[in-house]
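Undergrad: Below is a structure I'd like to ask you about.
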Amino acid sequence: MKIEFETGEYLVKLARKAGESWVKYNKAIDPIEPIPEQAKMKTGAFVTVKKYKFTLESLRGCIGYVEGIAPLYEEVIMLAKSATQEDPRFPPVKPDELSNLLFEVTIMTVPKIINYNSIEELISQIKIGRDGLIVEKGFNRGLLLPQVPVEQNWSVEEFLSYTCRKAYLPTDAWKKMDLKIKKFQGVIFKEIVPEGKIEQEVIQ
Numbered sequence: 038m039k040i041e042f043e044t045g046e047y048l049v050k051l052a053r054k055a056g057e058s059w060v061k062y063n064k065a066i067d068p069i070e071p072i073p074e075q076a077k078m079k080t081g082a083f084v085t086v087k088k089y090k091f092t093l094e095s096l097r098g099c100i101g102y103v104e105g106i107a108p109l110y111e112e113v114i115m116l117a118k119s120a121t122q123e124d125p126r127f128p129p130v131k132p133d134e135l136s137n138l139l140f141e142v143t144i145m146t147v148p149k150i151i152n153y154n155s156i157e158e159l160i161s162q163i164k165i166g167r168d169g170l171i172v173e174k175g176f177n178r179g180l181l182l183p184q185v186p187v188e189q190n191w192s193v194e195e196f197l198s199y200t201c202r203k204a205y206l207p208t209d210a211w212k213k214m215d216l217k218i219k220k221f222q223g224v225i226f227k228e229i230v231p232e233g234k235i236e237q238e239v240i241q
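For the sequence shown, our numbering begins at 38 and goes up steadily by one.
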């Protein structure tokens, strides 16, 4: 997936502006004009908010849609509320936190089922730094973005285990070969410092 830098930059600025409005006033914003053409397409996206202190980053909220339900710019406005106010793992963001938060937008490809007949074949189809994972079994579902295993320095096996844990499944559930496992790619744009320059993150 090729996303123009101007589109990614627009979406990150929009995420911050929307997040600040939700936190301070509990109000949605109108989109920033003009809207880039790519920001009008429907595709999955996540908004991530991280605490920033002396170059150290830690998660403060992350919510997204696996598949597009609205134009990207509308999704980002809605997800900015979810990431700052509704992530069940964290208390709502307070106004005095905003100047120390980084905003990040991940634009997703459509997830594809991984077909495999052995654990070795499964592992061979997953590449750290390229793929995000979704694990599904019954009503349980867990998702981790492509950047997570890079940030945590995980192996493919650890990546699968933590995705299972995100789905509230045993960490070795992926070895039993009765799960639906999907992979996807993401294009990531983020603030380097709070309210500062925006870059496209290249995962190594």
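From the three backbone atoms N, C-alpha and C, an ideal C-beta is built for every residue, glycine too.
(1) Measuring CB atoms only, is the segment 90-108 touching the segment 150-161, in the sense that at least three cross pairs come out at less than 8 angstroms?
(2) In the DSSP assignment, what are the bridge partners of isoleucine 235?
(3) Using the C-alpha atoms, what's the distance from glycine 169 back to lysine 220?
(4) Between proline 231 and tyrosine 89, which are expected to be in contact by the criterion C-beta below 8 angstroms, what is the C-beta distance as a whole number of angstroms?
(5) Please tell me whether valine 86 and glycine 56 are closer than 9 angstroms, where the distance is taken between their beta carbons.
(6) Based on DSSP bridge pairs, tell me the residues matched to glutamate 94.
(7) Can you tell me which of the three DSSP states glycine 169 falls into?
(8) Tell me which residues share the same chain as lysine 119 and place their Cβ nearer than 6 angstroms to its Cβ, disregarding the 5 neighbours each side in the sequence.
(9) Quick check on phenylalanine 42: buried or exposed, where buried means 16 or more other Cβ atoms within 10 Å of its Cβ?
(10) With DSSP as the reference, label tyrosine 47 as helix, strand or coil.
(11) Can you check the segment 190-217 for any beta strand (DSSP E) of at least 3 residues that lies completely inside it and give the ranges in chain order?
(12) Look at the alpha carbon of glutamate 157 and the alpha carbon of lysine 77, and state the distance between them as a whole number of angstroms.
(13) Distance check for isoleucine 144 and threonine 80, CA to CA, integer angstroms please.
(14) Does DSSP classify methionine 38 as helix, strand or coil?
(15) Specify whether the segment 223-238 and the segment 190-202 touch according to this definition: at least 3 beta carbon pairs, one from each stretch, less than 8 angstroms apart.
(16) Kindly indicate which three-state DSSP category proline 108 falls into: helix, strand or coil?
(17) Compare the Cα-Cα distances from valine 113 to each of Asn137, Glu70, Val130 and Lys54 and report the closest residue.
(18) Can you tell me the Cβ-Cβ gap for phenylalanine 140 and valine 49, rounded? I've got them flagged as a contact below 8 angstroms.
TA: Let me lay it out:
(1) no
(2) Glu228
(3) 5 angstroms
(4) 5 angstroms
(5) yes
(6) Tyr89
(7) strand
(8) This sequence places serine at residue 119; lysine is not what is there. Once the five neighbours on either side are set aside, the close Cβ partners of serine 119 are Ile100.
(9) exposed
(10) helix
(11) none
(12) 40 angstroms
(13) 7 angstroms
(14) coil
(15) no
(16) strand
(17) Lys54
(18) 6 angstroms
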